[in-house]
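Colleague:
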Amino acid sequence: MLKGLVKMKRNLDQIRNNISRRKQLNAKKSHSFSLLDDEERYGHTSFPSSTDTKEVNRKQVRVHKLFLAVILFLTVLILEQTSYALLEKPKSFVQDALTEDLPFATVQAWYDDHFATSFLSFGRDKPYTEASQSDGTIPVSGIDQEDVKTFNEGVYIKVNEQKQVFPLERGTVIFAGTKPETGQTIILQHADGQKSVYGHLESIDVFHYQFVDEGNPIATVNPDESVGFTNMFFSVQDGEQFLDPFTIILGDSDE
Numbered sequence: 024m025l026k027g028l029v030k031m032k033r034n035l036d037q038i039r040n041n042i043s044r045r046k047q048l049n050a051k052k053s054h055s056f057s058l059l060d061d062e063e064r065y066g067h068t069s070f071p072s073s074t075d076t077k078e079v080n081r082k083q084v085r086v087h088k089l090f091l092a093v094i095l096f097l098t099v100l101i102l103e104q105t106s107y108a109l110l111e112k113p114k115s116f117v118q119d120a121l122t123e124d125l126p127f128a129t130v131q132a133w134y135d136d137h138f139a140t141s142f143l144s145f146g147r148d149k150p151y152t153e154a155s156q157s158d159g160t161i162p163v164s165g166i167d168q169e170d171v172k173t174f175n176e177g178v179y180i181k182v183n184e185q186k187q188v189f190p191l192e193r194g195t196v197i198f199a200g201t202k203p204e205t206g207q208t209i210i211l212q213h214a215d216g217q218k219s220v221y222g223h224l225e226s227i228d229v230f231h232y233q234f235v236d237e238g239n240p241i242a243t244v245n246p247d248e249s250v251g252f253t254n255m256f257f258s259v260q261d262g263e264q265f266l267d268p269f270t271i272i273l274g275d276s277d278e
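Counting in the working numbering, the sequence shown tops out at residue 278, every number present.
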């Protein structure tokens, strides 16, 4: 009987040990299972939220825009700094696209007709007065024929004393700077699409994209002290064609 009691006790101890080991094993499994993602626990793929997706898309768009802007900037810079013959045509296209092809004067004329104010002048244009064109000025029209000489696509106007230069008609300045052929030069774009060019100037009194009227001086010319005069260059261009400036310059000479 004593042996039977001892054996029973051993069996009870073994059962208790088995129960204890089983509890420990279940606790470990439960802890490991709680650390699993939904994807591992249920066997499906988790997807990012729509908010995260939109934020990623916005960042990608900004990066793409910045990348394209840098490429465009570098392309224009390379075209401007390169003198290879193969690049002259695209270089010219870029320059035209950024300046002359834009109808600034046409837009300004339309705006003036409808709203009677200048939004491209930046406050630097002066109102036209009859006294503004005196003996010390050069209106492009009404000059004596003996003072005008034909040269290539334009004419030279002989100037014997310091004078102010007035434009052919109102328009927008699309170039104000120095050119190899005509020195200090101003190019105006007019409402009808034509362009007028004024070269060999002493000083320039306008700036890029400024809108000017006929009564506003745009430049000054001074005679060369060594010869006593200077030749101001003038031409008119309609698209790629140069017009005869004599009809404009001498048009008022008989009045």
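Virtual Cβ for every residue (Gly too), placed ideally from N, Cα, C.
Please classify S276 as buried or exposed, where buried requires at least 16 other C-beta atoms within 10 Å of its C-beta.
Modeller: Note that S276 scores a pLDDT of 44, beneath 50, so its modelled location is shaky and nothing firm can be said.
Colleague: If I'm right that I241 touches V229 with Cβ under 8 Å, what's the distance once you round it to whole angstroms?
Modeller: Yes, I241 and V229 are in contact; Cβ-Cβ is about 5 Å, under 8 Å.
Colleague: Quick check: what's the CA-CA separation for P190 versus T243?
Modeller: Roughly 12 Å separates the two Cα atoms.
Colleague: Can you list, in chain order, the residues of its chain whose CB lies under 8 Å from that of Q185, leaving out five sequence neighbours each side?
Modeller: Same-chain partners within the cutoff: G159, E225, T243, V244, N245 and P246.
Colleague: L48 to I42, Cα distance in whole Å?
Modeller: Taking the straight line from one Cα to the other gives about 10 Å.
Colleague: Between K218, N40 and E204, which lies nearest to D267 when the distance is taken from Cα to Cα?
Modeller: Nearest of K218, N40 and E204 to D267, Cα basis: K218.
Colleague: What do you get for S258, buried or exposed, if any count of 16 or more other CB atoms within 10 angstroms of its CB means buried?
Modeller: S258 comes out buried.
Colleague: Based on DSSP bridge pairs, tell me the residues matched to F96.
Modeller: For F96, which the question treats as bridged, DSSP gives no partner whatsoever.
Colleague: Quick check on T195: buried or exposed, where buried means 16 or more other Cβ atoms within 10 Å of its Cβ?
Modeller: Buried, since its Cβ has 16 or more Cβ neighbours within 10 Å.
Colleague: Which one or two residues does DSSP pair with S226 in a beta bridge?
Modeller: The partner list for S226 (beta bridge, DSSP) reads T243.
Colleague: Quick one: what does DSSP say L211 is sitting in, helix, strand or coil?
Modeller: Strand at L211.
Colleague: Report the residue from K46, K88, Q37 and M255 whose alpha carbon sits nearest the alpha carbon of I180.
Modeller: Of K46, K88, Q37 and M255, the residue nearest in Cα terms is M255.
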